[in-house]
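Before any comments, here is the structure.
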Amino acid sequence: MTNNKDIMIRSGYTFRETIQFDLNGSHYLIQIKNIIKDGLGKKVDVLNLEKINSPTDNSNFYVKDGDILILKKGDDHNAYMVNNAPEATLVGQNFLIISTSDEEKLPSEFLVFFINLPSTQLFLSSLSGGGKQASLGKAALEKLKIPILSKEEQTELMTLANEISKEKVILEKLISNRERQLQKLIELKTEGQGSE
Numbered sequence: 001m002t003n004n005k006d007i008m009i010r011s012g013y014t015f016r017e018t019i020q021f022d023l024n025g026s027h028y029l030i031q032i033k034n035i036i037k038d039g040l041g042k043k044v045d046v047l048n049l050e051k052i053n054s055p056t057d058n059s060n061f062y063v064k065d066g067d068i069l070i071l072k073k074g075d076d077h078n079a080y081m082v083n084n085a086p087e088a089t090l091v092g093q094n095f096l097i098i099s100t101s102d103e104e105k106l107p108s109e110f111l112v113f114f115i116n117l118p119s120t121q122l123f124l125s126s127l128s129g130g131g132k133q134a135s136l137g138k139a140a141l142e143k144l145k146i147p148i149l150s151k152e153e154q155t156e157l158m159t160l161a162n163e164i165s166k167e168k169v170i171l172e173k174l175i176s177n178r179e180r181q182l183q184k185l186i187e188l189k190t191e192g193q194g195s196e
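Under UniProt numbering, the residue at position 53 of the sequence shown is numbered 53, and the numbers go up by one with no gaps.
Right, dumping it as structure tokens:
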């Protein structure tokens, strides 16, 4: 199992004032709206980030490729990996940022896979505080027990999960086609009956 040295968890930057967007800004900002649908899942959309002039020089609030984002509030505690982020990309207070300290031992891809497992999501939901809107904190993520597996074992698990996702897409398309087929059949069978 991992220990606290294997991953680093930090919060995004808390803006003290209204965010001022600037087309000529020196920094990019990842916001909730940059988490977009991608097939069955979601991803961080780094192609449509808005620019700002950063209120901080603290590099802890900036992300690099391989960093992982998790929304703090709401029911969605899925992990989203940052890929191809422009330099000087800042993350706001709506996110927790996770970095792995050893990509060889604990690759970001495996960490995302593990956090997004239904059992891990259930565990995180049970640790989310708050009333109407659940809130996930750094302390909850630090309680995660992430298994340290060989590269081969990690790859095997992620490959199986990827195959399951592909099968889900195929099955959902099949179900959707069958529902359309049923609707068309109903229309054909009842055609002309409403005018009698």
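Built from N, CA and C at the ideal position, the CB exists for glycine as well.
In terms of alpha-carbon separation, which member of the options lies closest to residue i?
i: Q93; options: M158, V46, G137 and P107; result: G137
i: D22; options: G39, P55, R10 and K37; result: P55
i: K33; options: G39, N24, S26 and V46; result: V46
i: I68; options: L182, D75, V112 and S26; result: V112
i: residue 248; options: N53, E153, N48 and D65; result: What the structure shows of the chain is the stretch from 1 to 196, and residue 248 is not part of that stretch, so it cannot be assessed.
i: I9; options: Y80, N58, S99 and F15; result: S99
i: L127; options: E172, A140 and I70; result: A140
i: G12; options: N60, D6, G39 and P147; result: N60
i: E153; options: F110, I164 and E191; result: F110
i: P86; options: S26, E142, I70 and G129; result: S26
How big is the Cα-Cα spacing for residue i and residue j?
i: S108; j: Y28; result: 22 Å
i: L117; j: K105; result: 19 Å
i: Q133; j: A88; result: 31 Å
i: L174; j: Q181; result: 10 Å
i: S150; j: Y62; result: 30 Å
i: T155; j: R16; result: 43 Å
i: residue 235; j: Q31; result: Only positions 1 to 196 of the chain appear in the structure, and residue 235 is not among them; the question remains open.
i: E187; j: S176; result: 17 Å
i: K72; j: F95; result: 5 Å
i: I170; j: A161; result: 14 Å
i: S101; j: I148; result: 13 Å
i: E191; j: G39; result: 36 Å
i: D6; j: I97; result: 14 Å
i: E163; j: D57; result: 42 Å
i: E172; j: R178; result: 10 Å
i: L49; j: L90; result: 10 Å
i: residue 203; j: N24; result: As displayed, the chain neither begins before 1 nor continues past 196, which places residue 203 out of reach and without an answer.
Within a Cβ cutoff of 6 Å, which residues of the same chain sit near residue i, ignoring the five residues on either side of it in sequence?
i: N78; result: N116
Please list, in chain order, all residues of the same chain as residue i whose beta carbon is under 7 Å from its beta carbon, the five residues on each side excluded.
i: I36; result: K42, K43 and D45
i: F114; result: T120 and I146
i: K166; result: none
Starting from the C-beta of residue i, find all residues in its chain whose C-beta is less than 8 Å away, skip the five residues before and the five after it, and write them out in chain order.
i: I19; result: L29, I52 and G92
i: D75; result: S125 and A134
i: M158; result: E109, F110 and F113
Open item on the list: Quick check on the DSSP output: what are the complete beta strand (DSSP E) runs of length 3 or more inside the stretch 47-119, in order along the chain?
Closed with: 50-52, 68-71, 79-81, 89-91 and 95-100
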